[in-house]
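Residue numbers (the UniProt record's numbering), protein chains in the order written: chain B, 1 to 635; chain V, 1 to 247; chain G, 1 to 217.
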């Protein structure tokens with residue numbers, strides 16, 4: 001039933017074959033077609049601008065005050081591309097293989113190959129857009145290596161790569177706004193999707209300044225709303241990041257794929273108090289030069305710098321001699337958790353490990369290290385008050401990227417006709433674990449290169465259809481549902497704050513559905529979250545009204561969806577009885593604690609259908625024609 | 001620790017605002033400033049009051065959304081820092097902390113501490129980009145750019161668009177913001193083609209939006225979280241003169 | 001706005017140069033009384049009779065006028081850009097007091113100039129007040145006017161103290177003028193900052209000390 005629409009032909013030619021066969025729309029007709037894009041991050045802004053350049057009429061929605069604030073901006077490390085500028089054996093094939101293997105063979109070959117294939121022109125594109133990538137003295141582009149690969153294929157602009165790429169996309173979006181091809185709706189949050197005759201035809205959004213609900217109709221809807229790791233509350237994501245748009249789409253019929261595949265990033269700053277709202281990420285690129293260790297002695301309270309070399313346990317180098325500190329994220333996170341759980345953790349709450357630059361500074365000199373990471377060191381100092389040039393940083397794993405998301409086919413269309421999901425909010429290329437510097441890549445490629453070449457294949461068929469009006473009864477129905485939900489939230493007038501419930505949800509999810517999971521814990525978590533849901537709808541308190549800017553109401557609406565998503569995540573994690581990538585089931589591990597895949601049972605993508613509060617599993621079998629799944633060893 | 005927040009409350013753009021004081025007791029030194037405000041908001045909910053609207057998103061100093069004027073300084077008492085990077089350890093126990101929205105005619109208040117900074121976006125709209133459609137780019141290494149130029153462009157490009165420069169400037173000048181974008185793009189070979197129109201249009205929009213003119217007090221570069229140098233403004237000026245009189 | 005700002009910078013720079021010439025001439029007053037009188041009076045006669053200097057004088061008046069008028073216009077516009085002020089503003093932590101108060105300093109300097117013109121220009125050029133005699137060489141005895149003025153301790157104080165706002169104005173103004181006109185060389189700006197400070201100090205001390213010396217002479 002799930003048709004991934006993978007084109008014919010050898011893997012190198014699939015994308016070309018697709019484009020040859022896809023329907024095109026002549027420029028005059030494009031003008032008449034209208035597309036809604038929700039989200040203004042790298043994929044949202046990139047696609048909105050590109051679609052507008054192609055001639056479509058685009059409306060772009062985002063909850064922030066400016067498109068430039070979308071959370072793509074926070075990606076620090078870089079963006080991968082198979083340019084092989086370093087002459088170190090890289091190729092499209094190698095990148096395809098690395099990504100597929102990095103994802104523990106839980107993604108579609110054809111998609112991953114396309115990702116690698118389009119990476120090189122993407123760098124050309126961004127350079128042309130004025131992204132000031134790091135350069136060598138001779139003027140050519142510089143590269144660095146990133147977790148999980150053995151070549152240097154990462155392009156970067158200091159520690160602010162996401163920012164520079166997003167600003168390029170954002171300014172391109174404004175260029176198209178000036179050309180009157182794009183209408184922008186800042187401080188507007190999509191609250192629901194309107195599906196008419198099985199096709200996505202519009203959205204209802206709330207103006208966050210006035211509180212007004214507004215209807216928007218279009219010929220296709222593109223969701224580019226990013227990841228949902230805020231379900232853990234403490235994550236590296238922006239506070240406003242939410243799952244509401246994709247969750248509402250899910251409830252309207254879009255399948256949700258692999259919801260439990262969420263990545264825990266190994267190098268964030270540790271939590272220091274209950275009131276904490278956010279875990280700041282320190283770029284993974286730090287692992288290029290920094291060495292990770294914990295003291296060999298439990299509860300070692302000596303000054304960090306007083307612990308002699310032979311009493312330090314460089315556990316990543318010990319366990320994974322080939323990749324050492326550059327082991328992929330899931331592995332590095334789990335290894336840290338293993339040490340911390342065993343009582344070797346450092347810092348105030350004993351929940352951190354050291355990331356040490358002493359050797360790098362000795363080897364390359366202070367100047368080089370400053371040149372590479374000065375802004376990260378500065379950020380570290382601002383937040384912790386500690387000078388990391390003098391003593392090691394303390395880092396800790398934190399919820400980060402969600403590989404899971406709305407199920408999409410090769411065209412990035414969800415199971416609802418005319419509804420597309422791009423960037424982090426879909427499940428496409430990363431499988432069970434994402435490699436460092438691949439998220440900017442996927443978001444950009446989805447937005448700039450793929451969607452603008454696949455959406456026409458659908459829109460060509462809608463040319464002769466009548467576009468529904470805003471008075472269509474389905475708009476009435478959806479709006480009524482939203483109004484009821486808002487009214488309910490405001491009327492409960494209970495005794496607990498929204499943040500209270502979010503903290504509780506976060507605790508359950510972090511405990512049972514994060515770095516390692518087990519049957520018993522997940523079953524318990526599902527019960528707990530269901531209880532929490534009941535409690536929420538009985539005892540939450542939201543002050544203010546719906547006819548004004550009301551951040552409490554915004555938070556409550558988002559949390560209501562996070563709670564439901566939490567149940568699905570645990571359901572998915574429970575059902576997948578294997579360990580793969582970021583999904584680590586304690587029951588399925590090798591003797592030395594490594595993840596154990598069960599290919600004969602689980603070599604498929606789980607796509608969940610929403611059914612009145614229950615979830616029905618659909619399987620998209622994964623076929624590996626070109627790469628034989630192997631045990632993902634980084635030893 | 002205990003602090004007293006004296007916070008600007010304003011119902012909406014049309015009403016007049018005023019300060020209101022709130023005493024908060026159970027704060028810790030490790031809390032970020034915004035977390036302290038979160039905490040205050042939870043207390044307000046419990047007291048059945050409307051929460052204080054204030055801006056934030058990434059809380060790691062890069063999105064530029066947070067914008068508070070704290071104890072007489074944009075982004076608080078430290079230099080070159082965003083509000084979200086400010087922690088309570090920077091304040092004394094028992095201190096009164098005055099929090100205001102950023103003041104500039106081009107940044108009207110929306111509610112409480114939330115302001116409208118779309119004027120900055122409209123400056124970008126006038127030319128803060130390179131006109132190149134997706135798919136039209138030449139090979140990335142075909143045009144060499146020396147490291148020093150790339151570094152210089154990046155120094156300017158680092159701007160997060162928070163508007164602290166405008167907030168702190170006695171003239172509410174957006175010159176630092178505008179010059180950073182102009183110098184980023186105009187110093188790269190890709191941006192050369194539109195260099196003069198870019199500088200003229202963006203600078204003109206800056207004036208149309210009602211920002212004041214730069215008198216080089218230097219306050220902006222001290223408050224800029226990204227250390228954008230005021231020299232950028234001088235460079236913009238020479239680009240402007242050149243574009244206006246010699247091209 | 002940018003055009004106006006550039007005019008303020010250009011006229012400001014011109015006035016800076018004028019001050020150098022003015023101070024050099026004032027230094028004549030420091031010579032022994034007889035030499036000073038002859039030299040000073042013949043110098044001022046030369047100035048009054050030269051066509052070139054006449055033109056320069058008009059440029060000078062125009063410069064002051066433009067500098068003042070445009071500064072006023074820009075200030076009004078800048079005030080409009082910040083319609084509401086902060087209840088607390090610790091601007092001293094991010095910028096110098098002078099840079100924040102150039103307008104106020106300018107007004108003080110303008111008042112000074114008016115008094116200064118009344119003391120000298122009005123007497124010598126317009127002939128208002130007591131008649132001025134001629135010296136031994138037949139030149140108008142401007143020296144006596146100056147000397148006479150600075151026997152009054154109140155004028156000495158006025159002329160000395162008001163050189164402080166001038167110095168503050170010059171120190172910021174010189175740097176700022178260069179940057180307004182687009183001087184953006186990094187090292188050059190560091191040198192410029194030092195130059196501005198030295199220049200402003202020389203002007204303040206130079207102009208400020210001469211009345212004192214005349215008082216005690």
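Idealized CB from N, CA, C, for every residue including glycine. Quick caveat: nothing in here was measured; it's all calculated off a predicted structure.
Item	Value
Buried versus exposed, by CB contacts within 10 Å (16 or more), residue 164 of chain B	buried
For residue 65 of chain B and residue 215 of chain B, the rounded distance between their alpha carbons	20 angstroms
First and last residue of the uninterrupted alpha helix (DSSP H) at residue 12 of chain G	2–27
Interface flag, residue 181 of chain G vs chain V, CB-CB below 8 angstroms	yes
Beta-carbon proximity check, residue 289 of chain B vs residue 357 of chain B, cutoff 8 angstroms	yes
Secondary structure, alpha helix (DSSP H): runs of 4+ residues fully inside the region 43–103 of chain G	51–81, 97–100
Residue 63 of chain V in three-state terms, based on DSSP	coil
Sequence-distant residues of its chain with Cβ nearer than 7 angstroms to residue 634 of chain B (five each side left out)	320, 322, 323, 327, 328, 331
Contact set for residue 454 of chain B: own chain, Cβ-Cβ below 7 angstroms, skip 5 residues either direction	22, 411, 412
Contact set for residue 694 of chain B: own chain, Cβ-Cβ below 7 angstroms, skip 5 residues either direction	Lying outside 1 to 635, the shown extent of chain B, residue 694 of chain B is not represented and no answer is given.
Residue-chain proximity (residue 171 of chain G, chain V), Cβ-Cβ < 8 angstroms	no
Residues from the region 61–81 of chain B in contact with chain V, defined by Cβ distance under 7 angstroms	64, 65, 66, 68, 69, 71, 73, 74
Which listed residue (B/620, B/563, B/517, B/280) has its alpha carbon closest to that of residue 585 of chain B	B/517
DSSP three-state assignment for residue 34 of chain G, whether helix, strand or coil	helix
Best match in B/114, B/448, B/368, B/483 for proximity to residue 212 of chain B [C-alpha to C-alpha]	B/483
contact_flag[the region 185–202 of chain B, the region 75–82 of chain B] where n(CB pairs < 8 angstroms) is 3 or more	no
Helix, strand or coil at residue 233 of chain V [DSSP, three-state]	helix
Beta-ladder partner(s) of residue 34 of chain B, from DSSP	B/57
Per-residue DSSP class, three states only, for residue 636 of chain B	Past the edges of chain B, shown from 1 to 635, lies residue 636 of chain B, and the structure says nothing about it.
Residue 211 of chain V, DSSP secondary structure in three states	coil
Partners in chain G for residue 170 of chain V, counting only beta-carbon separations shorter than 8 angstroms	78, 82, 91, 100
DSSP beta-bridge partners of residue 293 of chain B	B/354
Nearest to residue 104 of chain V (by Cα), restricted to the options V/92, V/91, V/174, V/158	V/174
Cross-strand partners of residue 188 of chain B (DSSP beta bridge)	B/207
Whole-angstrom distance between residue 1 of chain V and residue 45 of chain V, CA atom to CA atom	21 angstroms
Backbone secondary structure at residue 193 of chain V - three-state DSSP	helix
Unbroken alpha helix (DSSP H) run spanning residue 117 of chain V, endpoints	Neither: residue 117 of chain V is in no alpha helix (DSSP H) and is coded neither H nor E.
Backbone secondary structure at residue 639 of chain B - three-state DSSP	Because chain B spans 1 through 635 in this model, residue 639 of chain B falls outside it and cannot be assessed.
Beta-carbon proximity list for residue 168 of chain B, same chain, < 8 angstroms, skipping 5 on both sides	126, 129, 130, 131
Proximal chain V residues relative to residue 87 of chain G, where beta-carbon distance stays under 8 angstroms	19, 98, 100
CA-to-CA distance, residue 39 of chain V to residue 12 of chain G, given in whole angstroms	53 angstroms
Cutoff 8 angstroms: residue 129 of chain B Cβ touching any chain V Cβ	yes
Partner residues on chain B for residue 59 of chain V, Cβ-Cβ distance less than 8 angstroms	238, 239, 277, 278, 280
CB contact check: residue 138 of chain V to chain A, cutoff 8 angstroms	Considering every chain present, this structure includes no chain A. Its protein chains are B, V and G.
Any C-beta of chain B under 8 angstroms from that of residue 93 of chain V	no
Contacts of residue 146 of chain V in chain B (Cβ-Cβ under 9 angstroms)	135, 137, 138, 139
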